[in-house]
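Residue numbers (the working numbering), protein chains in the order written: chain A, 1 to 113; chain B, 1001 to 1112. Here a beta-carbon is modelled for each residue, glycine too, at the ideal position from N, C-alpha and C.
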Amino acid sequence: NAGVTQTPKFQVLKTGQSMTLQCAQDMNHNSMYWYRQDPGMGLRLIYYSASEGTTDKGEVPNGYNVSRLNKREFSLRLESAAPSQTSVYFCASSPRDRGYEQYFGPGTRLTVT
Amino acid sequence: AQRVTQPEKLLSVFKGAPVELKCNYSYSGSPELFWYVQYSRQRLQLLLRHISRESIKGFTADLNKGETSFHLKKPFAQEEDSAMYYCALSDFSQGGSEKLVFGKGTKLTVNP
């Protein structure tokens, strides 16, 4: 099993550009999550999906949209990137819909200039 | 609201010394608590969870409901323990949240 995979690993955007971060898991997990990690701020939840077809906002959803394409895939879209969105983005999945142990992807390092 | 506090942003110890990373939580239900570790530029991985009562890489953590704490301890730190450590809380009771709440993390440096 590959576990949780994310693409791309690195990305540089100019302010105003858009992009989609891809995440996939092959563990048949119900729940999937997107976090951002910033120095001194820890991990902050952007959006999550408790099951296929459902999505909910987390702590910092502004400026982002998500799509739970199917059970395996959960994408994060930045419609108009801003320098404040420079961060490391982690996708995670969980086998249960009650926030049980989460498995993380390798992260995407995004820089917005 | 659920909250996890890790009071130390940075912690530095010498190799062979005991180490304790503090975690306090605020929650009125039945918490499920975890410690995650992130080595330099790697993904987060689960270190241990309180219900399994395991000892992983020499680390242990005891849930103290009276003090609402879940401190991570190791009697003899090794240089390879240098990493970022996150404490996390989940509601495992009936009707609980699907989310984990993370603390802001403690960066542990073990000096030779």
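Residue i and residue j closer than 8 Å at C-beta
i: leucine 21 of chain A; j: glutamine 6 of chain A; result: yes
i: tyrosine 1036 of chain B; j: valine 1004 of chain B; result: no
i: serine 93 of chain A; j: arginine 68 of chain A; result: no
i: glutamate 101 of chain A; j: phenylalanine 1034 of chain B; result: yes
i: glutamine 17 of chain A; j: alanine 81 of chain A; result: yes
i: lysine 1015 of chain B; j: alanine 1077 of chain B; result: yes
i: arginine 1043 of chain B; j: glycine 107 of chain A; result: yes
Closest Cα partner of residue i within the set the options
i: serine 51 of chain A; options: A/Met32, A/Pro61, A/Val60 and A/Arg44; result: A/Met32
i: tyrosine 1039 of chain B; options: B/Asn1111, B/Ser1012 and B/Tyr1086; result: B/Tyr1086
i: alanine 1001 of chain B; options: B/Lys1057, B/Thr1106, B/Ser1012 and B/Phe1102; result: B/Phe1102
i: threonine 54 of chain A; options: A/Pro39, A/Asn1 and A/Ser75; result: A/Ser75
i: leucine 110 of chain A; options: A/Cys91, A/Tyr103, A/Val60 and A/Ser87; result: A/Ser87
i: valine 112 of chain A; options: A/Gly3, A/Lys14 and A/Asn1; result: A/Lys14
For residue i, the residue or residues it bridges with in DSSP
i: leucine 1100 of chain B; result: B/Ser1090
i: asparagine 65 of chain A; result: A/Arg77
Cβ-heavy atom distance, residue i to the ligand ATP, below 7 Å
i: leucine 1108 of chain B; result: In the structure on display, the ligand ATP does not appear, and there are no ligands present to speak of.
Interface residues of chain B facing residue i [CB-CB closer than 7 Å]
i: glutamine 102 of chain A; result: Leu1100
Closer than 8 Å at the beta carbon, the chain A residues around residue i
i: tyrosine 1086 of chain B; result: Gly42 and Leu43
i: glycine 1029 of chain B; result: By Cβ distance, chain A contributes nothing, its closest Cβ being about 12 Å from glycine 1029 of chain B, past 8 Å.
i: lysine 1022 of chain B; result: By Cβ distance, chain A contributes nothing, its closest Cβ being about 15 Å from lysine 1022 of chain B, past 8 Å.
Interface partners of residue i on chain A, CB under 9 Å
i: phenylalanine 1014 of chain B; result: Result: empty, since nearest Cβ-Cβ is about 25 Å, beyond 9 Å.
i: lysine 1104 of chain B; result: Gly40, Met41, Gly42 and Leu43
Chain A contacts made by the segment 1039-1052 of chain B, where a contact means CB separation under 9 Å: Arg1041, Gln1042, Arg1043, Leu1044, Gln1045, Leu1046 and Arg1049
With 7 Å as the C-beta to C-beta threshold (strictly closer), list the residues of the segment 1058-1078 of chain B near chain A in chain order. none
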